[in-house]
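One structure is given here, and the rest of the page talks about it.
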Amino acid sequence: LENMKTKRIIPILIAAVMIIMPACDDFLAELLKLDTEWVEMKFYIDPDDQVGLVEFDETVHTLGLDSLLKAHGYSRDNIESIKVKQIKAYVLTNGFVFNPPLSSIICHLETPANPMLDPVKVAWLDPVPTDTTMVELEKYEDDLQAYIMEDLFHVTARGNLLSQVGQNVELQANIRFVIRFKSSETE
Numbered sequence: 037l038e039n040m041k042t043k044r045i046i047p048i049l050i051a052a053v054m055i056i057m058p059a060c061d062d063f064l065a066e067l068l069k070l071d072t073e074w075v076e077m078k079f080y081i082d083p084d085d086q087v088g089l090v091e092f093d094e095t096v097h098t099l100g101l102d103s104l105l106k107a108h109g110y111s112r113d114n115i116e117s118i119k120v121k122q123i124k125a126y127v128l129t130n131g132f133v134f135n136p137p138l139s140s141i142i143c144h145l146e147t148p149a150n151p152m153l154d155p156v157k158v159a160w161l162d163p164v165p166t167d168t169t170m171v172e173l174e175k176y177e178d179d180l181q182a183y184i185m186e187d188l189f190h191v192t193a194r195g196n197l198l199s200q201v202g203q204n205v206e207l208q209a210n211i212r213f214v215i216r217f218k219s220s221e222t223e
């Protein structure tokens, strides 16, 4: 009788472990990541900008990576990947919306410290929704570690201008990265 109980319990225990293990992996993955603060980039549509593809001002940024890692008890050696988590763009000038004047937006990232790294597309939106002042861009899933580890990086925004504007239109893009760390098993 005791042997029969054991034979019934073992498959139940195995099934329970198989259900719990993926949840543990997800929990561990959440513990091994860090979301950065938002990085702000302001740019303008100028009245002199002609209809068509327009490159907006590129802005130099830093994440303060070393202090961020230190505050959370990590080092650069622990980083597995750095990817875009979220990128949003806002029209800040009252009375203006995205479409028109912009029908598409694309953002690139590059680093001045390492000219060997070609600019990489990090986010885009095409078409831009009409009559809105805030949009969330689609993001590429590329690992940007090589760019962000250089400390200083440029974010360049380009857009397809449908019509000229009568005044400077101020826009802002906010970008946030997610840093994933190696588990002690993969080191």
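Position one of the sequence shown corresponds to residue 37 (the numbering used here), numbered consecutively onward. Even glycine gets a Cβ: it sits at the ideal position worked out from N, Cα and C.
Legend entry - Residue environment, L101, which counts as buried when at least 16 other CB atoms sit within 10 Å: Buried.
Legend entry - Spatial distance of K218 from M185 (CA atoms): Cα to Cα, K218 sits roughly 16 angstroms from M185.
Legend entry - Cα-Cα separation, Q122 to K157: Cα to Cα, the separation comes out at about 14 angstroms.
Inset, instruction - Compare the Cα-Cα distances from E174 to each of T168, A159 and A182 and report the closest residue. - result: The candidate whose alpha carbon is nearest that of E174 is A159.
Inset, instruction - Measure the alpha-carbon distance for V164 versus K124 and round it to whole angstroms. - result: Straight across, the Cα-Cα distance linking V164 with K124 is about 12 angstroms.
Inset, instruction - Would you kindly work out how many angstroms separate the C-alpha atoms of E91 and D179, rounded to a whole number? - result: Taking the straight line joining both Cα atoms gives about 24 angstroms.
Inset, instruction - Go through the region 143-171 residue by residue and report every complete run of the beta strand (DSSP E) that reaches 3 residues or more, in order. - result: The region 143-171 contains these whole beta strand (DSSP E) runs: 156-161.
Legend entry - Whether V75 touches H97 by CB criterion (8 angstroms): For the pair V75 and H97, the CB atoms are nearer than the 8 angstroms cut-off.
Legend entry - Complete runs of the beta strand (DSSP E) confined to the region 72-97 [at least 3 residues]: Runs found: 75-81 and 88-91.
Inset, instruction - Measure the Cβ-Cβ separation of Y80 and V205 and say whether it is below 8 angstroms. - result: Cβ distance < 8 angstroms, so Y80 and V205 count as in contact.
Inset, instruction - Inspect the beta-carbon positions of I118 and Q200 and report whether they are closer than 8 angstroms. - result: No. Outside cutoff.
Legend entry - Three-state class that DSSP yields for S103 in the structure shown: The answer is helix: DSSP assigns S103 an H, G or I state.
Legend entry - Rounded C-alpha distance that separates C60 from K69: Unreliable placement is indicated for C60, whose pLDDT of 47 sits below 50; the coordinate value is still reported in the next sentence. C60 and K69 have their C-alpha atoms roughly 15 angstroms apart.
Inset, instruction - List the whole-angstrom C-beta distance separating H144 from T192, where the pair is believed to meet the contact cut-off of C-beta under 8 angstroms. - result: Contact check for H144 and T192: beta-carbon distance about 5 angstroms, within the 8 angstroms limit, so the pair qualifies.
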